[in-house]
Amino acid sequence: MKHITVVGNLAFTSPQFSLDDLPGSSGRIDVLCRSVNSAFLLSHGIRRDIQLHLILRGKGDPPKILTLDGGHLKHLNPDERSTAALIKIALKEGLGLDSGDIRRSTPGITIRRGDLYDLIEEGGFDPIIYLQEASRDIRGIESEIEEWLDKDPLFVLGDHTGLNRADEKLLDDLGASRISVGPRVLHADHCIILLLNEIDRVALKFREKA
Ligand SMILES: C[S@@+](CC[C@H](N)C(=O)[O-])C[C@H]1O[C@@H](n2cnc3c(N)ncnc32)[C@H](O)[C@@H]1O
Numbered sequence: 708m709k710h711i712t713v714v715g716n717l718a719f720t721s722p723q724f725s726l727d728d729l730p731g732s733s734g735r736i737d738v739l740c741r742s743v744n745s746a747f748l749l750s751h752g753i754r755r756d757i758q759l760h761l762i763l764r765g766k767g768d769p770p771k772i773l774t775l776d777g778g779h780l781k782h783l784n785p786d787e788r789s790t791a792a793l794i795k796i797a798l799k800e801g802l803g804l805d806s807g808d809i810r811r812s813t814p815g816i817t818i819r820r821g822d823l824y825d826l827i828e829e830g831g832f833d834p835i836i837y838l839q840e841a842s843r844d845i846r847g848i849e850s851e852i853e854e855w856l857d858k859d860p861l862f863v864l865g866d867h868t869g870l871n872r873a874d875e876k877l878l879d880d881l882g883a884s885r886i887s888v889g890p891r892v893l894h895a896d897h898c899i900i901l902l903l904n905e906i907d908r909v910a911l912k913f914r915e916k917a
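Mapping to the working numbering: the sequence shown position 137 is 844, numbers consecutive.
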C-alpha cells in the first residue's frame, strides 16, 4: 500500500464552509480536493492501492486526520465540489471526536483526531519520503523506487504554504529522505501525479523483468 499525506495548514476542521466558494471559505480545502483527485483518479477507475491522509489544521476543532482508502472509496468524482462535499460530511462526523476514536463517514473515508506526528507514529510506514523541490531527483533513483513497491511508503507534501519548520524537523529526526519530482516548485496535486507516474513506470518495468 502506498500512503500519501498532504498537510493542510489552514484547512477547516469545521464543516462550516461553502461548497460554492472553497478557496475563500474553507482554508483552501480546494487544494486538498485536487490532491484527492490526483491520488486516486485514473481515466477509467480508481487507484485501489493508495491511502491518502489529509492533515487538517485550520479553524474548528484541529487537528484532524482524514483518511481516504482507495480500496473502499465510493462516490468519488473528478470535480472538486463533490469531493469537498465528502470532506464536509467527514468533518461533521468528526465533530467532538475523542482522541483515539475513528469514525467512518462515507465508504472508504475515516476521520480521527491527530496531526502529522500522530499519523506517522501510528502508521508503521517505511520508508518516509518528503517531497521537496530542492532535493534528489526522482529520475535517478529507480532501484530505490523498485524497493518501495513491496513496502508501505509514506510520501509527505505541503499545501500552498508548504511544510513548516517543525514539520521538516520532525521528518528529519525520523530519518525521512527527500525527493524532488522536478526542478520547479509545483502544486501538491501536480506533484502527486508526477510521483505516481514515476512509480507506475518502475512497476511496469519491474513486472516485465519478473
Ligand atoms: C505549492 S508547493 C508549496 C510552496 C510553498 N509556498 C513554498 O514556497 O514552500 C506544495 C508542496 O508541493 C511539494 N513540491 C512542490 N514542488 C515540488 C517538486 N518540484 N518536487 C517535489 N515536491 C514538490 C512540496 O511538498 C510543497 O510543500
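For every residue, glycine included, the Cβ atom is placed at its ideal position computed from N, Cα and C. Since the model is a prediction, treat every value here as computed from it, not as a measurement.
Span of the beta strand (DSSP E) around PHE747
Position 40 of the sequence shown, counted from the start, is the residue given in the question as residue 747. Careful: PHE747 lies outside any beta strand (DSSP E), inside the alpha helix (DSSP H) at 736-747.
For ARG908, which three-state DSSP category applies?
As a first step, residue 908 must be located in the sequence shown, where it is residue number 201. In the three-state reduction of the DSSP assignment, ARG908 falls in the helix class, which pools H, G and I.
Apart from the five residues on each side of it in sequence, which residues of its chain come closer than 6 angstroms, Cβ to Cβ, to HIS760?
To locate residue 760, count along the sequence shown from 1; it is residue 53. Residues THR712, ILE772, THR774 and LEU826 of the same chain have their beta carbon placed closer than 6 angstroms to that of HIS760, with the five preceding and five following residues left out of the count.
Ligand 1 heavy atom lying under 7 angstroms from the CB of LEU870
As a first step, residue 870 is located in the sequence shown; it is residue number 163 there, counting from the start. Indeed, a heavy atom of ligand 1 lies less than 7 angstroms from the Cβ.
Given that a residue counts as buried once 16 or more other Cβ atoms are within 10 Å of its Cβ, and exposed if not, what is ASP786?
Residue mapping note: residue 786 aligns to position 79 of the sequence shown, counting from 1. With fewer than 16 other Cβ atoms inside 10 Å of its own Cβ, ASP786 counts as exposed.
If you drop the 5 nearest sequence neighbours on each side, which residues of the same chain put their C-beta closer than 6 angstroms to that of PRO722?
Counting from one through the sequence shown, the residue named residue 722 turns up at place 15. Excluding sequence neighbours, PRO722 sits near LYS795, LEU798 and LYS799.
According to DSSP, is HIS897 part of a helix, a strand, or is it coil?
Your numbering for residue 897 matches position 190 in the sequence shown. Three-state result, HIS897: helix.
Spatially closest choice to ARG755 from SER733, ARG885, SER789 and LYS709, by CA coordinates
By 1-based counting over the sequence shown, the position of residue 755 is 48. The alpha carbon of ARG755 has as its nearest neighbour, out of SER733, ARG885, SER789 and LYS709, the alpha carbon of LYS709.
Is the separation between the beta-carbon of PHE747 and that of ILE762 shorter than 8 angstroms?
Residue numbering aside, residue 747 sits at position 40 when the sequence shown is read from its first letter. Residue numbering aside, residue 762 sits at position 55 when the sequence shown is read from its first letter. No, the Cβ-Cβ distance between PHE747 and ILE762 is not below 8 angstroms.
Would you call SER750 buried or exposed, if buried means 16 or more other Cβ atoms sit within 10 Å of its Cβ?
On the sequence shown, residue 750 is found 43 positions in, with the first residue counted as 1. Label assigned to SER750: exposed.
What does DSSP give as the partner residue(s) for HIS710 in the beta ladder?
Numbered from its first residue, the sequence shown carries residue 710 at position 3. According to DSSP, which records beta bridges pairwise, HIS710 is partnered with GLN758 and LEU861.
Under the rule that 16 or more other beta-carbon atoms within 10 Å means buried, what is PRO730, buried or exposed?
For the purposes of this step, residue 730 is identified with residue 23 of the sequence shown, where counting begins at 1. The residue is exposed, with fewer than 16 neighbouring Cβ atoms inside 10 Å.
Could you work out which residue in ASN716, SER842 and ILE886 is closest to PRO769 when comparing CA atoms only?
For this step, residue 769 is matched to residue 62 along the sequence shown. Cα-wise, what sits closest to PRO769 is ASN716.
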